[in-house]
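A short worksheet on the structure shown next.
In full-length UniProt numbering, the protein residues as written are 1 to 186.
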(Lines of atoms letter the chains of each structure in order from A; the text may use other names.)
(Lines give C-alpha, C1' and ligand atoms only; values in the text may rest on other atoms or scores of the structure.)
Protein backbone atom coordinates (compact mmCIF):
# COMPACT_ATOMS: atom_id res chain seq x y z
CA UNK A 1 0.00 0.00 0.00
CA UNK A 2 1.50 3.37 -0.98
CA UNK A 3 2.26 5.86 1.78
CA UNK A 4 -0.49 8.41 2.36
CA UNK A 5 0.14 12.11 2.33
CA UNK A 6 0.09 13.78 5.73
CA UNK A 7 -3.23 15.52 5.02
CA UNK A 8 -4.80 12.22 3.93
CA UNK A 9 -3.63 10.56 7.18
CA UNK A 10 -5.07 13.46 9.20
CA UNK A 11 -8.37 13.25 7.30
CA UNK A 12 -8.56 9.49 7.87
CA UNK A 13 -7.92 9.90 11.62
CA UNK A 14 -10.42 12.76 11.91
CA UNK A 15 -13.12 10.88 9.96
CA UNK A 16 -12.60 7.76 12.06
CA UNK A 17 -12.76 9.72 15.34
CA UNK A 18 -15.98 11.46 14.28
CA UNK A 19 -17.42 8.16 13.00
CA UNK A 20 -16.74 6.52 16.38
CA UNK A 21 -18.69 9.31 18.11
CA UNK A 22 -21.55 9.23 15.60
CA UNK A 23 -21.87 5.43 15.70
CA UNK A 24 -21.83 5.54 19.51
CA UNK A 25 -24.63 8.12 19.42
CA UNK A 26 -26.72 6.85 16.49
CA UNK A 27 -25.70 3.25 15.84
CA UNK A 28 -24.72 1.55 12.61
CA UNK A 29 -26.99 3.79 10.55
CA UNK A 30 -25.17 7.00 11.54
CA UNK A 31 -25.29 9.55 8.74
CA UNK A 32 -22.20 9.49 6.53
CA UNK A 33 -23.01 13.05 5.47
CA UNK A 34 -23.06 14.16 9.12
CA UNK A 35 -19.75 12.40 9.70
CA UNK A 36 -18.25 14.26 6.75
CA UNK A 37 -19.64 17.63 7.91
CA UNK A 38 -18.45 17.17 11.49
CA UNK A 39 -15.01 16.01 10.32
CA UNK A 40 -14.77 19.07 8.08
CA UNK A 41 -14.37 17.08 4.87
CA UNK A 42 -16.51 16.37 1.86
CA UNK A 43 -18.53 13.21 1.34
CA UNK A 44 -16.13 12.20 -1.43
CA UNK A 45 -13.23 12.26 1.05
CA UNK A 46 -15.15 9.96 3.39
CA UNK A 47 -15.90 7.61 0.47
CA UNK A 48 -12.27 7.67 -0.66
CA UNK A 49 -11.15 6.41 2.75
CA UNK A 50 -14.20 4.22 3.41
CA UNK A 51 -15.86 3.14 0.15
CA UNK A 52 -18.81 1.53 1.94
CA UNK A 53 -20.67 1.99 5.21
CA UNK A 54 -19.49 -1.49 6.18
CA UNK A 55 -15.85 -0.48 5.65
CA UNK A 56 -16.35 2.48 7.96
CA UNK A 57 -18.04 0.33 10.63
CA UNK A 58 -15.27 -2.25 10.42
CA UNK A 59 -12.69 0.46 11.04
CA UNK A 60 -14.71 1.83 13.97
CA UNK A 61 -14.92 -1.59 15.66
CA UNK A 62 -11.56 -3.06 14.55
CA UNK A 63 -9.49 -2.36 17.68
CA UNK A 64 -11.99 -3.82 20.14
CA UNK A 65 -12.76 -6.79 17.90
CA UNK A 66 -9.03 -7.53 17.76
CA UNK A 67 -8.88 -7.28 21.55
CA UNK A 68 -11.74 -9.78 21.88
CA UNK A 69 -10.03 -12.08 19.37
CA UNK A 70 -6.80 -11.92 21.36
CA UNK A 71 -8.73 -12.79 24.51
CA UNK A 72 -10.23 -15.87 22.79
CA UNK A 73 -6.77 -17.04 21.73
CA UNK A 74 -5.44 -16.57 25.28
CA UNK A 75 -8.36 -18.45 26.80
CA UNK A 76 -8.01 -21.37 24.37
CA UNK A 77 -5.30 -22.84 26.62
CA UNK A 78 -7.12 -22.38 29.93
CA UNK A 79 -7.50 -25.37 32.24
CA UNK A 80 -11.26 -24.90 32.66
CA UNK A 81 -12.30 -24.65 29.03
CA UNK A 82 -16.01 -24.21 29.81
CA UNK A 83 -15.27 -21.25 32.11
CA UNK A 84 -12.90 -19.87 29.48
CA UNK A 85 -15.52 -20.06 26.75
CA UNK A 86 -18.12 -18.43 28.98
CA UNK A 87 -15.62 -15.72 29.96
CA UNK A 88 -15.06 -14.90 26.29
CA UNK A 89 -18.77 -14.99 25.45
CA UNK A 90 -19.45 -12.75 28.44
CA UNK A 91 -16.88 -10.18 27.29
CA UNK A 92 -18.27 -10.28 23.76
CA UNK A 93 -21.83 -9.93 25.08
CA UNK A 94 -21.06 -6.94 27.31
CA UNK A 95 -19.17 -5.17 24.54
CA UNK A 96 -21.88 -5.90 21.95
CA UNK A 97 -24.62 -4.70 24.30
CA UNK A 98 -22.87 -1.48 25.27
CA UNK A 99 -21.56 -0.31 21.90
CA UNK A 100 -24.44 0.92 19.81
CA UNK A 101 -24.25 -0.36 16.26
CA UNK A 102 -21.91 -3.29 16.84
CA UNK A 103 -24.64 -5.92 17.01
CA UNK A 104 -26.17 -4.62 13.79
CA UNK A 105 -22.75 -4.65 12.13
CA UNK A 106 -22.14 -8.23 13.28
CA UNK A 107 -25.48 -9.44 11.94
CA UNK A 108 -25.17 -7.79 8.55
CA UNK A 109 -23.66 -10.33 6.19
CA UNK A 110 -22.86 -12.47 9.22
CA UNK A 111 -22.25 -15.62 7.23
CA UNK A 112 -18.75 -16.69 6.32
CA UNK A 113 -19.56 -16.45 2.63
CA UNK A 114 -16.30 -15.31 0.94
CA UNK A 115 -18.15 -12.94 -1.39
CA UNK A 116 -19.91 -11.19 1.49
CA UNK A 117 -17.52 -11.81 4.34
CA UNK A 118 -17.87 -9.67 7.43
CA UNK A 119 -14.36 -9.10 8.82
CA UNK A 120 -15.71 -8.49 12.34
CA UNK A 121 -17.46 -11.86 12.33
CA UNK A 122 -14.55 -13.56 10.57
CA UNK A 123 -12.03 -12.26 13.09
CA UNK A 124 -14.14 -13.35 16.06
CA UNK A 125 -15.01 -16.73 14.51
CA UNK A 126 -11.42 -17.57 13.60
CA UNK A 127 -10.16 -16.60 17.04
CA UNK A 128 -12.98 -18.40 18.85
CA UNK A 129 -12.76 -21.61 16.81
CA UNK A 130 -9.93 -23.27 18.82
CA UNK A 131 -11.59 -22.32 22.11
CA UNK A 132 -14.94 -23.66 20.95
CA UNK A 133 -13.51 -26.91 19.53
CA UNK A 134 -11.57 -27.56 22.72
CA UNK A 135 -14.76 -26.96 24.74
CA UNK A 136 -16.64 -29.31 22.43
CA UNK A 137 -14.01 -32.07 22.85
CA UNK A 138 -14.26 -31.65 26.62
CA UNK A 139 -18.04 -32.05 26.44
CA UNK A 140 -18.60 -28.47 27.60
CA UNK A 141 -20.44 -27.50 24.42
CA UNK A 142 -23.05 -29.40 22.45
CA UNK A 143 -21.68 -30.85 19.20
CA UNK A 144 -22.26 -28.82 16.05
CA UNK A 145 -22.15 -25.34 17.60
CA UNK A 146 -20.13 -23.04 15.36
CA UNK A 147 -18.28 -19.82 16.17
CA UNK A 148 -20.68 -17.95 13.87
CA UNK A 149 -23.59 -19.41 15.87
CA UNK A 150 -22.10 -17.91 19.03
CA UNK A 151 -21.42 -14.50 17.48
CA UNK A 152 -24.94 -14.43 16.02
CA UNK A 153 -26.41 -15.43 19.38
CA UNK A 154 -24.51 -12.65 21.17
CA UNK A 155 -25.49 -10.09 18.52
CA UNK A 156 -29.14 -11.13 18.87
CA UNK A 157 -28.99 -10.75 22.64
CA UNK A 158 -27.39 -7.32 22.23
CA UNK A 159 -30.12 -6.22 19.83
CA UNK A 160 -32.82 -7.53 22.17
CA UNK A 161 -31.42 -5.52 25.07
CA UNK A 162 -30.36 -2.31 23.33
CA UNK A 163 -33.25 -0.27 24.76
CA UNK A 164 -33.03 -1.73 28.26
CA UNK A 165 -31.97 0.76 30.97
CA UNK A 166 -28.92 -1.43 31.68
CA UNK A 167 -28.21 -3.31 28.46
CA UNK A 168 -24.99 -4.99 29.64
CA UNK A 169 -26.59 -6.48 32.75
CA UNK A 170 -29.68 -7.63 30.88
CA UNK A 171 -27.60 -9.07 28.04
CA UNK A 172 -25.46 -10.97 30.54
CA UNK A 173 -28.60 -12.35 32.20
CA UNK A 174 -29.98 -13.50 28.84
CA UNK A 175 -26.65 -15.08 27.92
CA UNK A 176 -26.77 -17.11 31.13
CA UNK A 177 -30.26 -18.32 30.18
CA UNK A 178 -28.99 -19.57 26.83
CA UNK A 179 -25.84 -21.25 28.15
CA UNK A 180 -27.74 -24.39 29.11
CA UNK A 181 -28.57 -24.85 25.43
CA UNK A 182 -25.01 -24.42 24.13
CA UNK A 183 -23.00 -25.65 27.07
CA UNK A 184 -24.70 -28.32 29.15
CA UNK A 185 -23.03 -29.09 32.44
CA UNK A 186 -21.18 -32.38 32.22
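Using N, Cα and C, we set each Cβ at its ideal position, and we do this for glycine too.
- Bounds of any alpha helix (DSSP H) do not take in residue 162, whose DSSP letter is neither H nor E.
- The Cβ atoms of residue 148 and residue 125 sit closer than 8 Å to each other.
- Per DSSP, reduced to three states, the secondary structure at residue 30 is coil, with no helix or strand assignment.
- Distance between residue 23 and residue 101, taken at the CA atoms: about 6 Å.
- The beta carbon of residue 154 sits closer than 6 Å to the beta carbons of 92, 93, 96 from its chain, once the five residues preceding and following it are set aside; these are given in chain order.
- Scanning 90, 142, 66 for the CA closest to the CA of residue 169 turns up 90.
- Per DSSP, reduced to three states, the secondary structure at residue 18 is helical.
- For residue 94, the uninterrupted alpha helix (DSSP H) segment begins and ends at 81-98.
- Its chain contains 43 as the residues whose beta carbon lies nearer than 7 Å to that of residue 33, once the 5 sequence neighbours on both sides are disregarded; these appear in chain order.
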